[in-house]
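Below you'll find the structure, written out as structure tokens, and then a few comments.
2 protein chains.
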Amino acid sequence: MSNLVSGTTLAEIAALIGDVARANMLSALMDGRALSAGELAYHAGVGAPTTSGHLAKLTEAQILAVEKQGRHRYYRLATPAVAQALESLMSLSAEGPKRHRPTGPHDEAMRAARTCYDHLAGRLGVAIADSLVARDWLRLADGAGLVTPEGDRFLCEFGIDLNRGSGKGRTTGFGARTGKRSHETSARPLCRTCLDWSERRPHLAGRLGAALCQHLLQKGWIERVKDSRAIAVTPAGSAGFADVFGFVPE
Amino acid sequence: MSNLVSGTTLAEIAALIGDVARANMLSALMDGRALSAGELAYHAGVGAPTTSGHLAKLTEAQILAVEKQGRHRYYRLATPAVAQALESLMSLSAEGPKRHRPTGPHDEAMRAARTCYDHLAGRLGVAIADSLVARDWLRLADGAGLVTPEGDRFLCEFGIDLNRGSGKGRTTGFGARTGKRSHETSARPLCRTCLDWSERRPHLAGRLGAALCQHLLQKGWIERVKDSRAIAVTPAGSAGFADVFGFVPE
DNA sequence: CGAACATTTCGCTCGCGGCCGAAGGATGCG
DNA sequence: CGCATCCTTCGGCCGCGAGCGAAATGTTCG
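Sequence order for the protein chains is E and R. First residue of the first sequence? That's 255 in the working numbering, and the numbers climb one at a time after it. First residue of the second sequence? That's 255 in the working numbering, and the numbers climb one at a time after it.
The structure is reproduced here in structure tokens:
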């Protein structure tokens, strides 16, 4: 055999994700928040001891980070790169026409709108991306997005300033580090797109995606659904999306 | 438990990758070429029957595509999305400072320069990206890259026209499909970056990355190393890189 | 056609790893 | 303090699936 190193490490990391219990935990953590071991046990559908073992492995592999708070231990995805890897795996799994997924009611809510780590996904996320593109505020190509000057102006008015720290710099994290000319590097705001696993179309990720999601939550247009990654559009949001983005979010 | 669907499907796909033999096969296929079942058996380090079973599973899951040619069966990664997912998993596995990897000689060649599906990675890939950024021909931010007008001019002179089909449109594949305004969408060439698993720094992927790799091969500056994803820089390449990109490729 | 080769199917073994119950820290609260 | 809660460690059970050898299928030659 030839390249041992990449094969085994790839297998190690994938095997950690490739267990139903652990995958359920990771899915639950995909909304970017931290959950306690007990909550994760519930999501995974296994007992506490089993959960503990899984979490130890995932933490050891730096897939999760842990923060102890009193007698609870809160686990979260260690880095944005982890979220990105998980998302790309999920889009793969949607590939085959295969057997139809049961599509429970809970599932349907997720398809409509959900968070994907720090940004919006589902039909809502795709619709927002489409809207920005249709207005020529954003141009997508090759897995990346470029905010046009008009788009930048709109976002500014809307309350998002990409050139400042609105997204808290949590994303992949270059741009500031690449050269010593960080001020110049992001002269034109960029963003990353992310292939939506339910819609099979791109939605907005990266700094822009995170800033948008945060801003919409803050504006009260959308809100998190308890105990789920699903997102609900408020009445104010319905009006707002129609008015500003030109679509009615179902 | 909450979201069954995403968890189980995520686990299914990850478990397929999370086996040493299969991961080795996938790693071997990461150079974008198609390999026969026999060759894959060799790379995986297992016997022919075992290999056959693995390949059947991977094909069934649409991770691989198969093409029969005579008495051989050639397998390749089914889509660019698969390559992207694998790459993101590999960058994850490099995260931990953990135990030092053995770093065999073969491995060292891969770290110096290798192909990553359809583009260049390793120190060479990173150096090219750095060079383009340093000359302000390319700006990186947020996992995406933007070719500046000067950069576009340089690439054109160099023999790469991003606005035409130099990359054969094999990448993630938006841009042409998103709106009906494909001609306008790529008014300013974009590209995707890819976090190098050995260097922990971004290199160029997407259309630009693929076009560059292809062009450098064609120019004879680099060539594939037999039976490996490693890439060797030719004498012509050494001179060329120093001349055009301003660095000596070791 | 028959020999050589590539790949698959079948039947089997065996070891890794997920799972739980019980017991052992750790932390908070009255 | 003493009890309740949250989490972990330990020991043991058990099933899934990777692996191989032998034989079947298919394909290219001479």
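Backbone N, C-alpha and C define an ideal beta-carbon position, used for all residues, glycine too.
Range of the contiguous alpha helix (DSSP H) that encloses residue i
i	result
E506/E	Only positions 255 to 504 of chain E appear in the structure, and residue 506/E is not among them; the question remains open.
R461/R	G460 to K473
T313/R	A302 to E314
I382/E	G376 to A388
A496/R	Note, A496/R: premise wrong, no alpha helix (DSSP H); not H, not E.
V274/R	V274 to L283
Limits of the beta strand (DSSP E) - the one that residue i falls within
i	result
T447/E	L444 to L449
T402/E	It is not in any beta strand (DSSP E) - T402/E carries neither H nor E in the DSSP assignment.
Q323/E	L318 to Q323
E477/R	I476 to R478
V336/R	Premise fails: V336/R lies in the alpha helix (DSSP H), P334 to S347, not in any beta strand (DSSP E).
R368/E	R368 to C370
L416/R	Segment: none, L416/R is in no beta strand (DSSP E) and carries neither H nor E.
A395/R	L392 to A395
A486/E	I485 to V487
R455/E	No beta strand (DSSP E) holds R455/E; DSSP gives it neither H nor E.
R330/R	H326 to L331
For residue j and residue i, the rounded distance between their alpha carbons
i	j	result
I382/R	G376/R	10 Å
A244/E	A367/R	Here chain E comprises residues numbered 255 to 504, so residue 244/E is not present and cannot be evaluated.
A496/E	V487/E	12 Å
V502/E	S482/E	23 Å
V293/R	Q468/R	For clarity, residue 293/R is Glu in the given sequence; the question names Val instead. Rounded to the nearest angstrom, the two C-alpha atoms are 24 Å apart.
R431/R	D450/E	Any answer about R431/R is weak, because its pLDDT of 38 lies below 50 and its placement is not dependable; what the coordinates show is given next. One C-alpha to the other measures close to 15 Å.
V401/E	L386/R	21 Å
D390/E	C445/E	15 Å
Y296/E	E341/E	22 Å
L409/R	I414/E	34 Å
G429/E	A269/E	Reliability fails at G429/E, whose pLDDT of 35 lies under 50, so the model's placement of it is uncertain and no value is given.
A291/R	L416/E	49 Å
L470/R	A490/R	11 Å
I476/R	G460/R	19 Å
G272/E	V336/R	16 Å
Y371/R	G397/R	18 Å
L264/R	E362/R	33 Å
Q323/R	Q316/E	43 Å
S345/E	T447/E	13 Å
V479/E	M364/E	10 Å
S420/R	K473/R	Bear in mind that the predicted position of S420/R carries a pLDDT of just 40, short of 50, making it too unreliable to give a figure here.
T439/E	A388/R	Unreliable placement is indicated for T439/E, whose pLDDT of 40 sits below 50; the coordinate value is still reported in the next sentence. If you take the alpha carbons of T439/E and A388/R, they lie about 10 Å apart.
E314/E	L378/R	31 Å
G494/R	R407/R	18 Å
H360/E	S492/R	58 Å
E504/R	P403/E	41 Å
A484/R	M284/R	11 Å
G399/E	S452/E	20 Å
D384/R	P334/E	23 Å
Proximity below 9 Å, CB of residue i to CB of residue j
i	j	result
H373/E	H457/E	yes
A339/R	A339/E	yes
H308/E	V300/E	yes
G286/E	T369/E	yes
A282/E	A298/E	yes
M279/R	T262/R	no
S347/R	E266/E	yes
R330/E	V380/E	no
L577/R	P443/R	As displayed, chain R neither begins before 255 nor continues past 504, which places residue 577/R out of reach and without an answer.
A275/E	Y328/E	no
L394/E	G405/E	no
L318/R	A332/R	yes
L343/E	L312/R	no
Legend entry - Residues in the segment 328-343 of chain E having any Cβ partner in chain R nearer than 8 Å: A332, T333, A335, V336, Q338, A339, L340, S342 and L343
Legend entry - chain R contacts made by the segment 369-401 of chain E, where a contact means CB separation under 9 Å: A383, D384, V387, A388, D390, R393, L394, A395, D396, G397, A398, G399 and L400
Inset, instruction - Residues of the segment 469-481 of chain R with a CB closer than 7 Å to any CB of chain E: list them in chain order, please. - result: D481
Legend entry - Positions along the segment 259-281 of chain E whose CB lies within less than 9 Å of some CB in chain R: V259, S260, G261, T262, T263, L264, A265, E266, I267, A268, A269, L270, I271, G272, D273, V274, A275, R276, A277, N278, M279, L280 and S281
Inset, instruction - Determine which residues of the segment 287-320 of chain R have a Cβ less than 8 Å from any Cβ of chain E, and write them out in chain order. - result: Going along the segment 287-320 of chain R in chain order, one finds Y296, H297, A298, G299, A315, Q316 and I317 with a Cβ nearer than 8 Å to chain E.
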